[in-house]
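Asker: Using my numbering, the first residue of the sequence shown is number 201, and each one after it goes up by one. Please see the structure below; I have some questions.
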Amino acid sequence: MTDKKVALVTGAGRGIGRAVALELARRGCAVAVNYSRSEGPAMEAAEQIAAMGGEAFAVKANVADGAEVKEMFKAVTEKLGAVNILVCNAGITKDNLLMRMKESEWDEVIETDLSSLFYCAKEAVRPMLKGRWGRIIAISSVNALRGGAGQCNYAAAKAGMIGFVKSLAREIAAKGITVNAIAPGFIETDMTAVLSEELKAKFIESIPAGRAGSPQDVADLAAFLASDQASYLQGQVIAVDGGITM
Numbered sequence: 201m202t203d204k205k206v207a208l209v210t211g212a213g214r215g216i217g218r219a220v221a222l223e224l225a226r227r228g229c230a231v232a233v234n235y236s237r238s239e240g241p242a243m244e245a246a247e248q249i250a251a252m253g254g255e256a257f258a259v260k261a262n263v264a265d266g267a268e269v270k271e272m273f274k275a276v277t278e279k280l281g282a283v284n285i286l287v288c289n290a291g292i293t294k295d296n297l298l299m300r301m302k303e304s305e306w307d308e309v310i311e312t313d314l315s316s317l318f319y320c321a322k323e324a325v326r327p328m329l330k331g332r333w334g335r336i337i338a339i340s341s342v343n344a345l346r347g348g349a350g351q352c353n354y355a356a357a358k359a360g361m362i363g364f365v366k367s368l369a370r371e372i373a374a375k376g377i378t379v380n381a382i383a384p385g386f387i388e389t390d391m392t393a394v395l396s397e398e399l400k401a402k403f404i405e406s407i408p409a410g411r412a413g414s415p416q417d418v419a420d421l422a423a424f425l426a427s428d429q430a431s432y433l434q435g436q437v438i439a440v441d442g443g444i445t446m
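Written as structure tokens, this is what we have:
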């Protein structure tokens with residue numbers, strides 16, 4: 201493995217992404233905190249890491265834009281070094297029934313939730329191959345709240361993500377690089393905070409663990425997948441959902 205671990209976490213200004221960035225920093229990684237619109241929270245996350253004695257900076261990029269992703273990786277490499285841990289967490293919400301769904305709604309979700317993984321992984325793989333070590337972790341934005349009526353774009357993005365992860369894992373598994381995915385369940389984030397207490401209670405009743413998950417639950421798994429201890433985990437999609445998909 202390379203001497204220095206440099207992690208890039210997309211969509212890291214809030215929620216799960218922020219928790220992942222902080223946890224990786226606690227475990228000694230230099231962290232690039234990516235954001236698109238949440239500049240304030242991303243800067244706060246980077247400052248929090250610095251206050252912990254870590255190394256971090258916030259980097260703006262729309263990961264649905266391949267050109268911006270290239271510039272982001274260039275900036276991260278110049279600031280921290282080559283990325284050897286990539287966590288793709290960015291995702292957006294555009295629910296609608298198929299007959300009412302605009303092409304723009306379909307395109308935005310596919311580009312942000314799926315194409316961003318392609319753009320980022322493509323930039324990350326080359327230095328990982330050179331260093332003979334790397335970790336690519338995709339965090340699905342399709343959780344227990346989605347995937348039903350009115351959310352076919354998310355279902356397509358999730359299916360594509362799973363296929364991409366397994367295909368890329370097979371392609372580079374012998375090179376010291378692992379590629380895995382995390383599928384969160386009902387996680388307490390800004391997205392779920394807008395739900396009514398009645399709806400939250402209904403979801404929690406269906407969870408065998410009897411509670412909602414926290415961003416830290418996902419962050420702990422992401423940090424493990426990024427470690428040397430997870431070197432034999434390859435092409436897996438791991439649910440962090442309290443048992444709801446059993």
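Backbone N, C-alpha and C fix where the C-beta goes; we use that ideal spot for every residue, glycine too. All figures in this text were calculated on a predicted structure; none of them were measured in a lab.
Give me the Cα-Cα distance between residue 445 and residue 278, rounded to the nearest whole angstrom.
Answerer: Cα to Cα, the separation comes out at about 42 angstroms.
Asker: Determine the closest residue to residue 435 out of 380, 219, 207, 246, with distance taken between C-alpha atoms.
Answerer: 380 is the residue among 380, 219, 207, 246 whose C-alpha sits nearest the C-alpha of residue 435.
Asker: I believe residue 285 touches residue 224 by the beta-carbon criterion, under 8 angstroms. Please report the beta-carbon distance rounded to the nearest angstrom.
Answerer: 7 angstroms
Asker: Per DSSP, what kind of secondary structure is residue 353 in: helix, strand or coil?
Answerer: helix
Asker: Under three-state DSSP, which class holds residue 407?
Answerer: Note: residue 407 maps to coil in three-state DSSP.
Asker: In terms of DSSP beta bridges, what is residue 380 paired with?
Answerer: 337
Asker: Could you give the distance in angstroms between the alpha-carbon of residue 259 and the alpha-carbon of residue 269?
Answerer: 10 angstroms
Asker: For residue 427, which residues from the same chain have a beta carbon less than 6 angstroms from its beta carbon, with the 5 sequence-adjacent residues on both sides left out?
Answerer: So the list is empty, once near-sequence residues are dropped.
Asker: In the DSSP assignment, the beta strand (DSSP E) including residue 286 goes from what residue to what residue?
Answerer: 285-288
Asker: Given a cut-off of 8 angstroms, decide if residue 255 and residue 280 are closer than it, judged by their beta-carbon atoms.
Answerer: yes
Asker: Would you report the Cα separation of residue 217 and residue 376, rounded to the nearest angstrom?
Answerer: 25 angstroms
Asker: Quick one: is residue 215 buried, meaning 16 or more other Cβ sit within 10 Å of its Cβ, or exposed?
Answerer: buried
Asker: Counting C-beta neighbours from all protein chains within 10 Å, is the total for residue 299 16 or more, i.e. buried, or is it exposed?
Answerer: exposed
Asker: Which one of 295, 390, 205, 432 has the shortest CA to CA distance from residue 415?
Answerer: 390
Asker: Just verifying my parser: in three-state terms, what is the DSSP assignment at residue 453?
Answerer: No information on residue 453 is available, as it lies outside the stretch 201 to 446 that the chain covers here.
Asker: According to the Cβ coordinates, are residue 291 and residue 265 closer than 8 angstroms?
Answerer: A distance of 8 angstroms or more separates the beta carbons of residue 291 and residue 265.
Asker: Quick one: using the 10 Å Cβ neighbour count with 16 as the cut-off for buried, is residue 447 buried or exposed?
Answerer: Nothing about residue 447 can be read from this structure; the chain reaches only from 201 to 446.
Asker: Just grab the DSSP bridge partners of residue 208 for me.
Answerer: 232, 286
Asker: With residue 256 as the anchor, note down where its beta strand (DSSP E) starts and where it stops.
Answerer: 256-260
Asker: So is residue 252 buried or exposed if we call it buried at 16+ other beta carbons inside 10 Å?
Answerer: exposed
Asker: To the nearest angstrom, how far is it from the Cα of residue 339 to the Cα of residue 425?
Answerer: 12 angstroms
Asker: Who are the Cβ neighbours of residue 431 in its own chain at under 7 angstroms, not counting the five residues just before and after it?
Answerer: 378
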